[in-house]
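Below: one structure, written as structure tokens.
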Amino acid sequence: MFLVMLKKELKMFFRSKGNVMMLFLFPIVLITTLSLSLNNIMSAEVEIFGENDKDSMVYYSVNEDSKYKDGFLMFTEEIEKEINIEFKEVDALDEVRANIDEKKAIAYVSLYENNFDIYTSKNGDTMKSKVFKSMLESLFNKYGAYETIAEFNPEALRSLVENTYDEYVVSEDVNGKRTVTAAEYYTFAELALIILNLAGVIGELVYKEKQLNTINRIKMSKASERTMIFSKIALGTIISILQTLLVYIYTTLILKVNWGENTLKFILLFVVFGLFSSMLGAIVGIACKTDTATGGILSGATFVICALGGSYSTRSMITTVPVLNKLMYLSPIYWINTATSTMICGLESNLYLIAIMIPIILSFLLLIFYSVVMKKKGGTIDV
1 MFLVMLKKEL KMFFRSKGNV MMLFLFPIVL ITTLSLSLNN IMSAEVEIFG ENDKDSMVYY
61 SVNEDSKYKD GFLMFTEEIE KEINIEFKEV DALDEVRANI DEKKAIAYVS LYENNFDIYT
121 SKNGDTMKSK VFKSMLESLF NKYGAYETIA EFNPEALRSL VENTYDEYVV SEDVNGKRTV
181 TAAEYYTFAE LALIILNLAG VIGELVYKEK QLNTINRIKM SKASERTMIF SKIALGTIIS
241 ILQTLLVYIY TTLILKVNWG ENTLKFILLF VVFGLFSSML GAIVGIACKT DTATGGILSG
301 ATFVICALGG SYSTRSMITT VPVLNKLMYL SPIYWINTAT STMICGLESN LYLIAIMIPI
361 ILSFLLLIFY SVVMKKKGGT IDV
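Position one of the sequence shown corresponds to residue 1 (UniProt numbering), numbered consecutively onward.
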């Protein structure tokens with residue numbers, strides 16, 4: 001019965017030219033437009049500190065007895081050789097606080113005898129300040145175990161500094177330094193947006209099924225309401241697979257986006273996300289009593305998830321906005337964008353695992369919610 005119902009759903013969906021154009025032509029137009037029109041913005045952001053960026057200034061003050069002194073000074077020496085950051089010693093934070101708050105400088109570093117402090121803009125961290133702060137904190141945390149390393153093995157300290165720098169800033173591929181391009185970023189960011197919009201389509205289909213009183217008819221034919229719900233979820237998942245394959249073929253051949261050795265991982269990631277999106281739409285559609293509520297909830301959820309995830313703007317823009325730079329971690333699309341960008345650039349991390357587990361966990365929670373609702377209603381839905 002499930003396969004019969006799914007076959008019917010597929011036939012009905014593809015009979016609509018509007019559905020086909022919206023879900024298959026729209027992704028191509030959207031990705032192409034954003035990749036080309038926002039290429040300059042991405043080019044300005046991919047180099048974290050830039051080659052000619054006059055604002056890449058870091059101020060510092062050092063206690064002569066600080067255990068971090070030797071490591072920090074060697075760190076500044078190595079960093080200045082590699083990227084355009086200038087370090088300047090000052091007497092106190094008050095001298096430079098205004099420059100940092102206005103984001104004309106990255107940070108102020110205070111080295112005390114046994115600890116340290118890093119001050120960044122009170123108006124929120126920029127991408128530069130976040131990377132720099134993470135890099136320096138990592139160095140100091142590692143350096144804590146090597147308080148006398150400079151005295152006994154200067155080369156080991158130099159290696160520690162260089163490895164810390166490489167971990168946060170440099171990613172190598174066969175051509176040297178590697179950064180994500182506009183085409184690469186928007187391929188995955190907009191594919192996630194498009195797949196999430198499936199929630200609205202599936203939600204509307206499920207609600208219309210209720211509105212037309214077809215649930216009762218299906219029960220008479222011995223098909224359960226659960227089968228109807230899962231056939232809609234399967235429909236959405238199949239559409240997401242087709243969208244992902246279409247985007248893969250188009251971006252590979254036309255936009256020259258190299259999905260590389262991670263192609264199957266990326267496809268699996270978006271299939272899982274398509275499952276979550278379809279389940280979200282189906283469950284909201286069956287739970288809501290009005291068409292307005294169904295559309296409103298799904299539209300609002302889609303907008304928030306996409307906005308926080310970086311589908312409407314780049315992630316680095318979001319990190320500069322207070323509050324949003326905390327809330328963005330709640331969006332599954334944020335983790336998808338971060339994971340795909342990291343993997344495209346050849347960096348090793350556990351971000352892919354996080355990105356794929358989040359929609360799986362959310363789908364599981366939605367399934368539990370649906371089971372609870374069905375149990376409360378005795379297996380029926382008020383139409």
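Note that beta-carbon positions come from the ideal geometry of N, C-alpha and C, so glycine has one too. As the structure is a prediction and not an experimental result, all values here were calculated from the model.
Ordered along the chain, which non-local residues of its own chain (more than five positions away) have a Cβ less than 8 Å from that of T237? V271, G274, L275, S278
Option nearest F13 by Cα separation, candidates S341, I356, M317, V201: V201
Would you say Y370 and I283 are within 8 Å of each other, going by their C-beta atoms? yes
One question on the structure: do L367 and L6 come within less than 8 Å of each other, judged by their Cβ atoms? no
Looking at the strands, I want to know which residues DSSP matches up with K88. Y59
Taking the CB atoms as reference points, tell me whether V58 and A105 lie closer together than 8 Å. yes
Alpha carbon of E261 to alpha carbon of V90, nearest angstrom: 48 Å
So I100 and A107 are in contact, right, with Cβ under 8 Å, and what is the actual spacing, rounded? 7 Å
Taking the straight line between their C-alpha atoms, what separation do you get for Y312 and A189? 9 Å
CB T319 to CB T126, shorter than 8 Å? yes
In terms of residue numbering, what span does the beta strand (DSSP E) encompassing Y108 cover? 107-111
Using a 10 Å radius around the Cβ and a threshold of 16 neighbouring Cβ atoms, would you call T302 buried or exposed? buried
Cα-Cα separation, R97 to K17: 59 Å
Mapping DSSP to helix, strand and coil, what is I118? strand
Ordered along the chain, which non-local residues of its own chain (more than five positions away) have a Cβ less than 8 Å from that of T252? N258, W259
Can you look up V96 in the DSSP assignment and give me helix, strand or coil? coil
I need the DSSP call for S277, collapsed to helix, strand or coil. helix
Boundaries (first-last residue) of the alpha helix (DSSP H) holding W335: 332-344
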